[in-house]
Structure formats: structure tokens, C-alpha cells
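Report on the following structure.
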Amino acid sequence: MKVTAALSRSAEPSFTLEEVELEDPRSDEVLVKIHATGLCHTDLTFTSQVPIPAVLGHEGAGVVQAVGPDVTGIRSGDRVVLSYRSCGQCRQCDAGERAYCSRAARLNLSGTRLDGTTTLSQNGNALFGSFFGQSSFAQYALATADNTVVVDPSTDLTIAAPLGCGLQTGAGAVLNVLTPEPDSRLVVFGAGGVGLAAVMAAKAVGVQTIIAVDPVASRRDKATELGATHTVDPTAQDVTTIARGATHALDTTANPDVIATALGLLRQRGVLVLVGLGASRGTIDLTDLMFGGKVIRGCIEGDANPLEFIPELLRMHAQGRFPIESLIRTYPARDIDRAVADARSGIAIKPVLLW
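Residue numbers (this note's numbering): 638 to 992.
Set out below in C-alpha cells:
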């Protein structure tokens, strides 16, 4: 079928809306009409790391149009949120650690199905697709049962879309990995969508001291609104002086200097979790790490199984404990480049494209 999609045609994060061809769903696939797609930092990062032209997008939400005969538990007409893929069969998946599936790279980042075939083409030429098992920068997307989360029919898909990756990552890092107690002292570096989801999650479980660090004043204000008890402008204030003695820290920046600072301000036996995507190398104080009994832990997708965790976050939202809508700014899909610019400038915390 012919659909409109936002194509990436260069290493720069810019997109053009074009007509492409989407294959019919195979026996194990689900065809979803996309209503909304969250714009994630990962999408912008991967424009320079995948073959072009490419259709990215991995925070899709919509309505199921067709289901292959091998798919169970999903029906035409269901409202769904799309997330990352996992095989469900490897050692990690069997242990409930789907974010660390041994086939994760192949399933989410290869641009094709497992058998090497493509779901998208244009004028007979294959396109990079199946991004996170969806490529939801498009009017329609093909997904599979393992990354298609059926939600309540009353769910606002615009609000639910960002749960597929960014908000799941921030909230999961707190709720599934750091697991702070009410008397904990949590510092979050970066008050974008991921960091603010972490702030909201910490507030939801009653953490009494939540420190948000970000150079953008509007984001610090939003952090305060959502539950941060303290905020820090790292360009004008000494983060270590203010946040020293933290029991838990979360880095969303992937900046090696920030990570080193985060580790240094932790108290003994403190835990630092890294979720940022960017620099691959940095320098830390190994003596402090060892003699402080501190822990640095990587975290993908909030260590969450989306089939379980996304409904949990939606329940928290319904209870007023996870106000997703406060992060979202919507854009018509045709304005995707404006959404990118607003995200980079800090005008928009969590852009959501409407199809």
C-alpha cells in the first residue's frame, strides 16, 4: 500500500514527507494506522548511523488495521502503543530481561526483517525500515506482537505515544533499576523528556529529595513543576556543592564530564545509572569507584518489558501520578523539521507528530 512517510535522506536530522510503498502484513505482523509518533533523541542520532534513505520513528501509537493469522491477543480496531522488539526466546528474554535480548540489534537496528527482507520501498528501491520493529514516522507501520502493546480503548494516543521509548526509559530507570526509597536523594542530569520522566516517576513513589540539573531555565522550571525539590543550572552553579551526598544519580546526557561529576558527588555505596546515547568513552575516578563502593550501571529502555510497563505507566497517568501531557507539544507531521528544531533549542520537551 502507498503511504506518506518522513524520509531521512542525509546524515543531518532533516526529513521530507514522501510517498512510499509499505508491504502487506505477513502472518506474524500487525498493520497499524499511526495516529501519533513521539520524536526521540535516538531518531536524531541515528540519521547519521543508518543507510539512507531511511524511515525512522520508534514511538508510534495508533489503531490496528489488520493482523496476520499467527498473531494472537491483538485484533483489528485495537488501540496500541509500539515499542522496541525482542525475540522472547533467548536467555535474556527468558529471564525477563527483554531490553537486553541477544537479537536486539538485529531486530531493532538492521533496517530489515530477520530474514533480510524490507517492509518499505520507493519506486522499486528498498528503504531502510523496520526501525525498532516499526518505522513509525509514517501514516502506517508494520509491527509484531512482541512490540505491540494493546491499551484501553479510551487511551489518548497522543499522550501514550512517547511511552514507547523515551518516557519508558526515564521512568523505568527509576522504578526498575534505581528503586529509590522515600528518604533517598536522587539527582537527575538532563531535564529533557527522559530526565523529566524520571523526575515524575521519583515523585510518584514519594522520593523526598529530587535534584534536576539542566542549563535551560524553562526545563528547570518544568522539573520543579513535576516534582523536583531542587534545580541546578550547571553553567552558573556548582553541581557538586548542591547535590553532594546523593544516594542515586541518573545521567541522560552521555557527556563524559557530566558522568564523572555524577559519580563523584554520590555518597558511599551510591548508584549511578546511564541512559544517554552519545559519547562511547570517558574518564572516571576508579579509586573513588572502588573505595566508595559505588556502582555505575547501564540501562536500556528502562529495563522494562513494554507489554507490562507501558500499561503500568498509563495507570499511573490515570491516577494523576505521571502527567505525560505536561511534556508534550504536538506538531502536524508535515512540520517534523520544526519539531526537530524546537527539540534541539529546548522550546519543546517532547514533540509528538500527528499523522
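Cβ coordinates follow ideal geometry from the N, Cα and C atoms, glycine included. As the structure is a computational prediction, the values presented were derived from the model and not from experiment.
Cβ contact annotation for Y737 (same chain, cutoff 7 Å, sequence separation greater than five): Q729 and I937, in chain order. As computed with DSSP, P817 is found in no beta bridge at all.
For T756, the closest C-alpha among the options D894, K639 and Q845 is that of K639. Relative to V667, the option among V786, A691 and D851 whose CA is nearest is V786. Taking a cut-off of 8 Å for Cβ pairs, the segment 817-828 and the segment 698-712 do not touch, as fewer than three such pairs fall below it.
For L794, there is no enclosing beta strand (DSSP E); the enclosing alpha helix (DSSP H) has its first and last residue at L794 to A797.
Residue range G830 to A841 is occupied by the alpha helix (DSSP H) that includes K840. Nearest C-alpha to H672 among I984, K987, R981 and Y968: Y968.
For E655, the enclosing beta strand (DSSP E) begins and ends at F652 to L659. In the displayed model, G930 falls within coil according to three-state DSSP, outside both helix and strand. Listed in chain order, the alpha helix (DSSP H) elements of length 4 or more contained wholly in the segment 880-966 are 893-902, 923-928 and 943-955. Per DSSP, the beta-bridge partners of E666 are T781. Around the CB of S773, 16 or more other CB atoms lie within 10 Å, so the residue is classed as buried. Taking every protein chain shown into account, the CB of A691 has 16 or more other CB atoms within 10 angstroms, so this residue is buried. If you draw a 10 Å sphere on the C-beta of E656, you find fewer than 16 other C-beta atoms in it, and that means exposed.
The beta-carbon distance between R934 and V814, rounded to whole angstroms, is 6 Å. This is short enough to meet the 8 Å contact definition.
Collapsing the DSSP output to three states places L800 in a helix. Boundaries of the alpha helix (DSSP H) harbouring L746: A741 to L746, taken from the DSSP string.
Buried is the label assigned to D851, since at least 16 other Cβ atoms lie within 10 Å of its Cβ.
Per DSSP, reduced to three states, the secondary structure at Y737 is helical.
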